[in-house]
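Below: the structure, in C-alpha cells.
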Amino acid sequence: MCTTEPISYAGRDPAEATIKLQINNKQCMAFPNETILSCARRHDIYIPTLCELDDIDHTPGTCRVCVVEITHSKHNGAQIVTSCNTPVREGMTVQTRSKKARDMQKLQVELLMADHLQDCATCIRHGDCELQDVAQYVGLTENRFFDRLLAESRPVDEASTSMIRDMRRCIRCQRCVAICRDHQGIDALVMEGTGNNRVVALRDSTDPMSNICVSCGQCVLVCPTGALGERDEIDKALDYICDPDITTVVQFAPAVRVAFGEEFGMPAGTNVEGHVIAACRKIGVDIVLDTNFAADVVIMEEGTELLGRLKEGRKPTFTSCCPAWINFAETHYPDILPLLSSTKSPQQVLSTIAKTYLPEKQDIAADKIRVISIMPCIAKKDEAARPQLGEAGKQDTDVVLTTREFARLLRREGIDLKTIKPSSFDNPYMSEYSGAAAIFGTTGGVMEAAVRTIYSVVNGKELDKVELTQLRGFEGVREATVDLGGPIGAVKVAMVHGLGDTRKLVEMVRSGEADYDFIEVMACPGGCVDGGGSLRSKKAYLPLAMARRETIYNVDRKTNVRQSHKNMQVQALYRDFLQAPNSEKAHHLLHTHYEDRRKDLRHTVKEIWDNLSMSSVLY
Amino acid sequence: MAQVVYGVWDGVVHDARRNLPGTDTPLAALRNFDEFDEGNAVRAFFADRGFFVFDESVSLVDGLFHYINKAAEQSCGACTPCRMGTVLIRDALDKMRRGLDSPLDFDDIEMLADQMKETSLCGLGQTCCIALLEVIHHFREQIEKEVADHMPIRAQHGMAYMTAPCIEACPSKVNVPRYIDYIRDGKPENSLGVLLQKYPMAATCGRVCVRYCEQACRRKFVDEAVGIKTLKRFVADQQKGPHALKFTREMIQKPLADGMKVAVIGAGPAGISCAYHLLLHGYHVDVFEKQDKAGGMAQIGIPNYRLPKDTLAMETDIIVDLGGRFLFGQQLGADFTIDDLFQRGYKAVFLGLGCQEGTMLGLKNEEQVREGYFTGIDFLLKVHDHVDGINTFQLKGDVVVVGGGNVAMDCVRSAVRLGADNAHLIYRRTRDAMPADTEEVEEAEKEDIDFHTLCTPTRIISENGKITGIELVEMEETEPDESGRRSVRPIPGTEHVMACSTVIAAIGQQVESQERIAEEGIDFNHWKCVEADKSLTTSRPGVFAGGDCVTGPSTLIYAMSAGLKAARSIDDWIQFGTPRFFKRSRMRELINENAFLANDAVETPVRNGYRVHNPALDPDLRKKMFSEVEQTISLEDAYTEAQRCMRCYRLYSVITKHSIPEGAA
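Here the protein sequences come in this chain order: A and B. Just so it is clear: in the first sequence, position 77 is 77 by the UniProt record's numbering, and no numbers are missing. Just so it is clear: in the second sequence, position 425 is 425 by the UniProt record's numbering, and no numbers are missing.
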C-alpha cells in the first residue's frame, strides 16, 4: 500500500546493493528500500504473486498472495508480510516457503476463489489466466469457501459497444485502474463499494455516451483474468460467413499480421499475413481484402488535406486514424476537434470503398456485402458503430473482431495457424499495399507514410532516402523537422503514442507552447502493434513490442512499392472511381466529422451522500 | 465499580474464577465501565487488544458475532483476507448463535482469523480478530459449551464503534481514513462528501487547520505523518473546477414547519457550522453578524495569503444555498437582545460570539499611546480592510509584534507585506515553546522576520503619543518544576530599547461586551468565557453557545465541532426538551479515558515514501503581496499521498444489560 514512486532496479549498479539479508538461507544483497519480492527475483527466487505487475510498477498489496515469513531486529519472533511491498532490512531473514508461508499463500488463493465466478470453461481467459496459474503455483487442492450466489451477485457491465466488464471474475488487483490512471492518464476507472461489493467501476456513469472512457483497451491487456474483455462478436461474424446470400468481406489491419502468430506457438513477430488469408478463406470468407490498401488511400486523402491546410496556414493538423484518440478528443478536448483531419480511418475507408467501388467492379449487390474487420483494437468497435459512419441504420463496417476474437474464431473452426499453408491476396482492386501502409501499425508510421507521399507531391520526385529514421523511436513524444521542399519548406511534426503523453501534447498545443504543423497520435503505447485488442500477455505489459515493430519495418522493406501514391490499385481507384484525392466524391465517401461529446458531470451533494458508504452518516 | 470476571488484554489472561488476577493489565484500573448509559450496566467489552467480561452470563459467541459483524460491514474489500474472512466468520458465528449447523467449526474459524490477523492490508483486518483469537485460545471450552446443545442464544444488547487515532484526535471526528480512501479510489467528490457530513468549510479547514489528526497519525513511525490537511484542501479545491458539487435543498432530509426557526449569533466558524447542521435538520436559520461579511475570525483574523477570501465566501455561501439568511451589521447588545429574538419567535439561540477583543500588553504608560500601537485583532482588521480595498494601510520602519501564537504569526507576516522595513517577533519563551503552528513559524522565518525569543516588553516608549520604541528584557528558563515544565524569568540588567514605529500586541483575546451579555442571563466563568455545559447549554434556557466564546481563543476545527454539537443539542432541546444521550460520544469517552487507542510503533517494515507538500510561491515574491502563498497539489500528488495512509482502524464494542437509547444519531 505504500509504494509511492517507481523504482527500477534493473541495470542499477550492484555496488549500490548494500543491504545484506537471507532469503531461503541464501545470502542476498538488496538496494535500500527495495522490496523483498524485487530482491528475490533478482536472485532467482520465485514467490507466487497475483495483483502485482512489475512492468507498470504496480504493487497495490491487495491480493496478499505473495506472503513470506520474515524475522528482523525490530520485532520479536517471525512475522508474515507481503513480499511485494515490504522493504528489505539489514540482517533480515526471509522464508518464502516455510510451512506457514505456504499454507497462507494457499489459503489466500482459496479465499480469492470464494467469490470468483468459476465457470472457467465459459471464460474468455480459459487456459490463459493468471488466477488459474497462481492456484496451481500454490498447490490449491480444495475450494471450501466458494459461494456461487455471492459471485453471481457481482455486476456485469455490458453497456459499452466495445467492452464487457465482468466483475464476477474480477480479483480487485486494480491493474486496470493503474494503467488507466497513471499511464494512459484517462483516469476513467474508479474503485467503488465496500466488502464483497467492491468493484472497478467507470467514473460518473456506465452510460457509454456519458463516461470518459475512450476504449483504448489497455486495461484489458493488463487484466489477469477474464474480468475485462472485448464484446465478443464471433457469432455475429459466423452468421454472416455462413449465410449463402451474403458476400462477406474481411479486412485485417497492418498490425494484425505481425502480432498474431504467438497465439499458435510461432515466434513473436512472425509475419503471418499469408496464414491469415488462408485461414479466412478456409472458414468461408468470400473476399479477403487488406486494410493496408485503405491506409494508402488515407495517405492520399489526408496528405492532400494537410497540404491544403498548410497552404492556408492552418495548423496543427492531427491524424484521425486512431479511434481511441478520436474518442479522447471528443470527450476530453472537444475544442481541438477542428484541428483533426477529416479523413476516415483505414478501416472505414476500406469498408466504404468495399460497398461502393467493389460492387461496380465485381458485380456484387452492394446491399449483400458485409464487412468484417480484424483489428488489434477494441475502440474500432466503437468506431464502426458511430452514427456518422453508416447510412440509414446500416453501418459501413458490420463486425469488428479483435485479434483475440479472431484467434478464438479460428479455434472454433479447428484451425491451427501454424500448420496452415500460407496464401496471398488475390483481389485485383483492393488488396495491394505499399510499404508506407504497412508501417501504419507502429508509432511514427503514419507520419512517415504521409511524408513520403507529400514530398513527392510537392517536389515531383521521390525522397532520396525513403526510410525516415528521424521519425522512428519509442519515446512518448518525438518531434522532428522535415524539409518538404518547394513552397512548403520545412515543417515541424510530432508523433505521440500513449494517451498520457498525448494529453501533455494537447495541453501544449492548446496553450500555444507547442508549434507543430502535423501531429500523429496513437492512443496505445507503441501504436497498433500493441493495441488494446491484441493478444494478451501474462504478468507482463507489452513484452513483444520491439519484435512486432521490427517485423513491421521489414514488411515495408520487402514491398516493391514504398509510397502510397505509387500503389497501382490506389491509382486505379482514383482513375476509375474517385477522380482525385479530396474530390467531391472522395470527400463525400472518405471523410467524416466529429462531435463534442463532453458531458457536464457535476453531482449534487445529495447524490454523493447517497453514494457514501462506511462513513458516519449523521442524518 | 465494575469487576472483570474474565478477559484477555494484550495477551495477558485474567480470570477471577480461576484466580488468574492479571494484575499488570489495565483490567485492574478500568474507568467508567459501570454503566453505559443510566441504569444500563456494561456486561462485556470487545476491542482490538482483547476483551473483558463483567457479567459471567454473557454469551461470547453472540458478543463476537456483533463485533465481527461490524468488521464485515466496515471491511473496505480491498484485500482478500479481510474481505472474505470477515464474511465467512460472521456467517459461521451467526449460524452458531441461532443454534443452527455452522459450515465452519472453531478450528476453521481460528485458521481464518489467523490469516486475517497476519496477512490483512490494514489495521481493521489485522486487529478485528484478536479478541476472537484470544477467546478461542483461552476460553474455548466455554464457547464450545455455548453451542453444544444447538439452542438459539438469547440476543444481547450493545453497540459497536469503529475509529482510528486520527479520527479520535479530530474535534469534529472526521472519518479521515475514509476520505483518504475515496481519493485513492478515484472519487474525490465522495471524499468531499465525507467532510461535508461534518462541516461546510472544507477548503478553509484544508488551509488553516492545526491538524490534530496529523499529530496522531501512525505513519510518523514509518517516515512522516500523512498530509491529511493537504489532501483535504485538494478535494475541497475541486469545488473550483468542473467537478464542483452542487448544494441543493435536497440535502435537507425533512424540512420543518415555518415556525421552527433558530437564531445563530455570529457568522464565524462555530456559527456557520451550527447554522449548516440546523438547516440540514430542517430548521429555518437566521445568522446575525455584526460585520458585513461572514467568516468571523476566518474572515478578519486570517490574512488573505493563507486563506483567500473568495474561498471562504464560497463556503459561507452554502448557508444561503440551503435557505439560511445572513443579517449583517447586527450586533448583539447594540442592535438586538436575546429577549428580542425569543419575542420574534425563534425557538432557540446559538451564541457563536468569538473572542474579538484584543488584550493590550498591560504596560505602564501604554494608555498614552495614540498612534502605532494595536492589538493583534485590531491590526488584522486593518489588514483585512486594506486587502479588501476599503482603507489603504501601509507600514514603514521597524514593526514589533509581541506573542508566539498563530495570530502573532499572521500579524508579523502581514506587517512584511504592508511595507515594514524590518519585522520583529518578540516572544517570552523559546521558539519550540511557541503555540503557533510549526509550519507558520517556518514560513515566517523564510520571509526574513527577526525572531527575538526569551525576551519580553517592559515599557512602551512614545513621543507625543506616537510610538518610538519598546523596552525589552531578556528572559531565562528556570529549572523544571515537579511537573517537568520550565518557566521563564527576566534577567535583571538586560533591559534594552528597540527603536520601532509600530507595536502589535498579539497575546490574547476575550469576548466583547461581556457585561451587556451577562445582563441577558448569560453567565460567564472566571476565565471570562461563556459558561456552557457538555451539551453547550448556557445558563439561560434555550440559549446555547460554542466556539471561542466558550473555550477562549482556539482553533477553527474546535469551533466547527462545537457548531455541530450545539446544533444537535438545539434540535434535541426543541424536539424533546432536553439534550439526548449520544451513544458514539459515550463510546469515545470509554476509549479515551482508558487510553485504549494504543499509540504503538509500526513494527512491520514499510517502504519509506515521504509526504508531498503544497507548492508555495517564492518567499521574495510573496513578501510583497497578499496572494495565497500555498497552492493546491496536483492530482498525481494527491494519489501518491493518499497511498501513504495505513488505515489504522480499530473496532470496539460493548454488550449491555438493556438496549442503548438511540440519541441524535
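Ideal Cβ placement from N, Cα and C applies to all residues, glycine included. What you are looking at is a predicted structure, and each value in this text was computed from that prediction instead of being measured.
Between residue 78 of chain B and residue 42 of chain B, the C-beta gap is not smaller than 8 Å, which leaves the two residues out of contact. In this structure, the straight-line span from the alpha carbon of residue 631 of chain B to that of residue 308 of chain B is close to 11 Å.
Leaving aside the five residues that flank residue 619 of chain B on each side, the residues in its chain whose CB is nearer than 7 Å to its CB run, in chain order, 446 and 447.
Think of a sphere of 8 Å around the beta carbon of residue 76 of chain B: the chain A residues whose beta carbon falls inside it are 194, 195, 198 and 614, in chain order. Taking CB atoms only, residue 43 of chain B has no neighbour in chain A less than 8 Å away. Within the region 526 to 563 of chain B, the complete alpha helix (DSSP H) segments of 4 residues or longer fall at 548 to 551, listed in chain order. At a beta-carbon threshold of 7 Å, the residues of chain A lying near residue 196 of chain B are 605, ordered along the chain. In this structure, the alpha-carbon of residue 184 of chain A lies about 24 Å from that of residue 448 of chain A. At a cut-off of 8 Å between beta-carbon atoms, residue 190 of chain A makes contact with chain B.
In terms of Cβ geometry, residue 361 of chain B and residue 490 of chain B do not form a close pair [threshold 8 Å]. With a minimum length of 4 residues, the unbroken runs of alpha helix (DSSP H) contained wholly in the region 290 to 325 of chain A fall at 291 to 312. Residue contact check for residue 151 of chain A against chain B: no CB pair falls below 8 Å. The beta-carbon of residue 243 of chain B is placed less than 8 Å from the nearest beta-carbon of chain A. Residues are counted here when their Cβ sits less than 8 Å from a Cβ of chain A; for the region 72 to 101 of chain B these are 72, 73, 74, 75, 76, 77, 78, 79, 80, 81, 83, 84, 85, 86, 87 and 88, given in chain order. The CB of residue 177 of chain A comes closer than 8 Å to the CB of 186 in chain B, given here in chain order. When only Cα atoms are considered, residue 487 of chain B and residue 495 of chain B end up about 19 Å apart. Between residue 567 of chain A and residue 433 of chain A a beta carbon distance of about 6 Å is seen, short of the 8 Å cut, so the two are scored as contacting. Partner residues in the beta bridge of residue 496 of chain A, as assigned by DSSP, are A:477 and A:521. Counting along the chain, residue 316 of chain B sits inside no beta strand (DSSP E); it lies in the alpha helix (DSSP H) bounded by residues 309 to 316. If only complete runs of 4 or more residues are kept, the region 538 to 594 of chain A shows the alpha helix (DSSP H) at 545 to 558, 568 to 573 and 584 to 590, in order along the chain. For the 8 Å CB-CB criterion, residue 267 of chain B and residue 358 of chain B do not form a contact.
Excluding its 5 nearest sequence neighbours in each direction, residue 188 of chain A has C-beta neighbours in its own chain below 7 Å: 180, 202, 203, 211, 212 and 213, listed in chain order. The residue among B:332, B:300, B:603 and B:295 with its C-alpha nearest the C-alpha of residue 319 of chain B is B:295. The Cβ atoms of residue 196 of chain A and residue 551 of chain A lie no closer than 8 Å to each other. Shortest Cα-Cα distance from residue 11 of chain B to any of B:427, B:52, B:196 and B:653 involves B:52. Chain B places a beta carbon closer than 8 Å to that of residue 104 of chain A, counting this residue as a contact. When 7 Å is used as the limit between beta carbons, residue 145 of chain A is near these residues of chain B: 84 and 88, in chain order.
Judged by their CB atoms, residue 606 of chain A and residue 251 of chain B are nearer to each other than the 8 Å cut-off. In summary, no residue of the region 331 to 356 of chain A has a CB separated from any CB of chain B by less than 9 Å.
With a threshold of 16 other beta carbon atoms within 10 Å, residue 242 of chain A falls short and is exposed. With respect to chain A, the C-beta atom of residue 159 of chain B has no partner C-beta closer than 8 Å. Inclusion of residue 364 of chain A and residue 294 of chain A in the CB contact set at 8 Å is not warranted, their separation being larger than that value. With respect to the 8 Å criterion, residue 190 of chain A and residue 237 of chain B are not classified as neighbours on the basis of their beta carbons.
Residue 516 of chain B has its alpha-carbon roughly 48 Å from the corresponding atom of residue 650 of chain B.
In this chain, the beta strand (DSSP E) harbouring residue 45 of chain B covers 40 to 46. For residue 393 of chain B, no beta strand (DSSP E) segment is defined, and its DSSP state is neither H nor E.
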